[in-house]
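Take 7 as the starting number for the sequence shown in this note's numbering and just add one per residue.
Using N, Cα and C, we set each Cβ at its ideal position, and we do this for glycine too.
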Amino acid sequence: MELFTLKLITRSWWRNKIFFFISLLSLSIGLACTNLLLTFFIYEYNIESNLPDKEQIVCLQQDAPMQEGAKVSYAVGTIPALLKDKFAEIEEYVRINTMSAQYCKYNTEVFHDVTFICADASLLCFFDYQTRTGNLKEVLIHPDQVAVSEEFAQKMFGDTDPIDKHIDVSMSDNGNKTYVVKAVIKARPQSLLRFDLITGTESTFWGGFTLLKLTEGSSPQSLADKINNESIPTLLPGEGRYYLKPFSEIYFSTSGKTSQESLSYIRQSNVQLLYICLLSAFLIFAMACFNYTNMNLSRTLQQLKMIHIEKLMGNTLTGIRKQLFGDIFLTVFFAFILSLLFISDILPYFNGLLDAHLHIGFFFSTQVLPWLLLFILITAIAPGAYISHKLSRISLNEYKSRYIGKSKSILIAWLMCLQLVISIGLLFATLTANA
7 MELFTLKLIT
17 RSWWRNKIFF
27 FISLLSLSIG
37 LACTNLLLTF
47 FIYEYNIESN
57 LPDKEQIVCL
67 QQDAPMQEGA
77 KVSYAVGTIP
87 ALLKDKFAEI
97 EEYVRINTMS
107 AQYCKYNTEV
117 FHDVTFICAD
127 ASLLCFFDYQ
137 TRTGNLKEVL
147 IHPDQVAVSE
157 EFAQKMFGDT
167 DPIDKHIDVS
177 MSDNGNKTYV
187 VKAVIKARPQ
197 SLLRFDLITG
207 TESTFWGGFT
217 LLKLTEGSSP
227 QSLADKINNE
237 SIPTLLPGEG
247 RYYLKPFSEI
257 YFSTSGKTSQ
267 ESLSYIRQSN
277 VQLLYICLLS
287 AFLIFAMACF
297 NYTNMNLSRT
307 LQQLKMIHIE
317 KLMGNTLTGI
327 RKQLFGDIFL
337 TVFFAFILSL
347 LFISDILPYF
357 NGLLDAHLHI
367 GFFFSTQVLP
377 WLLLFILITA
387 IAPGAYISHK
397 LSRISLNEYK
407 SRYIGKSKSI
417 LIAWLMCLQL
427 VISIGLLFAT
437 LTANA
């Protein structure tokens, strides 16, 4: 029976091959855009999602000395250790800062736009960095050694083993220095930190971006009040205050003075852009549905004629419903598969446009795939079940009296008006995102 139903569906597609191709292409493009924007939202919103102690990590901030009302994520080098000694709520800290590299040189090759940072050895208590070769912990306790990201190692050394190679780095504030490569760090998706090179902090570390890991159950607000009551030195002597910003808020930038300031080694995303992308995803999907509905209205009468012919030939109501449901379900399923092919082609352009870091494998991760499958199942089952139930019961005369002529024109007019409103909304979203 199922094989017979499948034959009827494929024959229907072949008879209306131009209609089927256009509707499949339209739906595929709509699903590709929707899936891409939804996946981008999930990727950005779940940054460092696998961090086990995420809720216990806070960023140490204080009042900015040069701008009233603003805050900076900076602490003088001696302050974090002082805080850890004074307050039992602080389990660990890590200090991070840029090395202000102008370029790095290996043999005769010079590489510009290098993100070079230094960090305490406690970095590994906060982030689970894995190495392809070498030992990152050893690098972080030896300021003359350096670890290289997997991507930058490929760019600098190619297929050559980089371990024990010497590279020269020109710093804008400290002349030139030679480092020995002792580790290659594996790529870490959805990472807050971004860098090409990393080394350990020196005893003369002036200060920088500081993260604190609190003991379980500690209140960041209560701890911040305790710190300010102890008169810990700030950048504004006698006036400045310290603040503890939740880890989840570091990545998201907003307009205003309370936003996390831009740091070259911290990945950030604009909250407004994320929600614009989410809204755009649903608007594009709605437009794709309206297009598909408009096209289906044009062949409803033909479908009804075929249904009544099949009834006369002995096909049951259940069989007709299966055929109508299968038609919609399989069309959406094939459109979803085709949308993934479109996504793989446009992904590099999308990443370049929004400075994103998506890769095709992320679409099949546990963070995304269940949501995409649920979305596709709802998209396929809901309209398929409704249309199969409705069309299998309606007669030709009933359809003509209700949906042909003025009634059909009004429905199409409403759909076109909704498409126009959505198009204006998408245009507005594009202009806002661009701004």
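Which word fits Ser79, buried or exposed, when buried means at least 16 other C-beta atoms lie within 10 angstroms of its C-beta? Ser79 comes out buried.
3 or more residues per run - each beta strand (DSSP E) lying fully within the stretch 54-104: For the stretch 54-104, whole beta strand (DSSP E) runs of length 3 or above, ordered along the chain, are 63-69 and 96-104.
Can you tell me whether Ala81 is buried or exposed, with buried defined as 16 or more other CB within 10 angstroms of its CB? Per the 10 Å Cβ criterion, buried.
DSSP three-state label for Glu115, please. It is a strand residue.
Excluding the 5 residues flanking Gln5 on each side, which residues of the same chain have their C-beta closer than 7 Å to its C-beta? The question about residue 5 has no answer, for the chain in this structure spans 7 to 441.
If you draw a straight line from the C-alpha of Phe253 to the C-alpha of Ser106, how long is it? So the two alpha carbons sit approximately 25 Å from each other.
Measuring straight from C-alpha to C-alpha, what distance separates Arg194 and Ser128? Distance between the alpha carbons of Arg194 and Ser128: 18 Å.
Ile349 versus Phe158: straight-line alpha-carbon distance, rounded: So the two alpha carbons sit approximately 26 Å from each other.
State the DSSP-derived secondary structure class of Phe258, mapped to helix, strand or coil. Three-state result, Phe258: strand.
Counting pairs of Cβ atoms below 8 Å between the stretch 95-111 and the stretch 213-229, do you hit three or more? The count of Cβ pairs closer than 8 Å, one atom from the stretch 95-111 and one from the stretch 213-229, reaches three, so the stretches are in contact.
Excluding the 5 residues flanking Trp20 on each side, which residues of the same chain have their C-beta closer than 6 Å to its C-beta? Excluding its 5 nearest sequence neighbours in each direction, Trp20 has no C-beta neighbour in its own chain below 6 Å.
Please classify Leu198: is it buried, with 16 or more other beta-carbons within 10 angstroms of its beta-carbon, or exposed? Classification of Leu198: buried, given that the 10 Å Cβ count is 16 or more.
Are Ile28 and Ile123 closer than 8 Å when you measure CB to CB? The answer is no: Cβ separation not under 8 Å.
Within the same chain, show all residues whose beta-carbon is closer than 8 Å to that of Phe368, passing over the 5 residues directly before and after it, in chain order. The beta carbon of Phe368 sits closer than 8 Å to the beta carbons of Thr45, Tyr49, Pro195 and Val374 from its chain, once the five residues preceding and following it are set aside; these are given in chain order.
Whose CA, out of Phe163, Val187 and Asp126, lies closest to the CA of Ala153? A check of alpha carbon separations from Ala153 across Phe163, Val187 and Asp126 identifies Val187 as the nearest.
Taking Leu203 as part of the beta strand (DSSP E), name the residues at either end of that continuous run. First-last of the beta strand (DSSP E) with Leu203: Leu203 to Gly206.
Could you give the DSSP three-state label for Tyr135: helix, strand or coil? In the structure shown, Tyr135 sits in coil (DSSP, three-state: anything other than H, G, I, E or B).
Let me confirm a value: Gln227 is counted as buried when at least 16 other C-beta atoms fall within 10 Å, else exposed. Which label applies? The residue is exposed, with fewer than 16 neighbouring Cβ atoms inside 10 Å.
Please classify Tyr248 as buried or exposed, where buried requires at least 16 other C-beta atoms within 10 Å of its C-beta. When all chains shown are included, Tyr248 counts as buried.
Element boundaries [alpha helix (DSSP H), containing Pro143]: In the sequence as presented, Pro is not what sits at residue 143; that position holds Lys. It spans Leu142 to Leu146 - the alpha helix (DSSP H) in which Lys143 sits, taken as one unbroken run.
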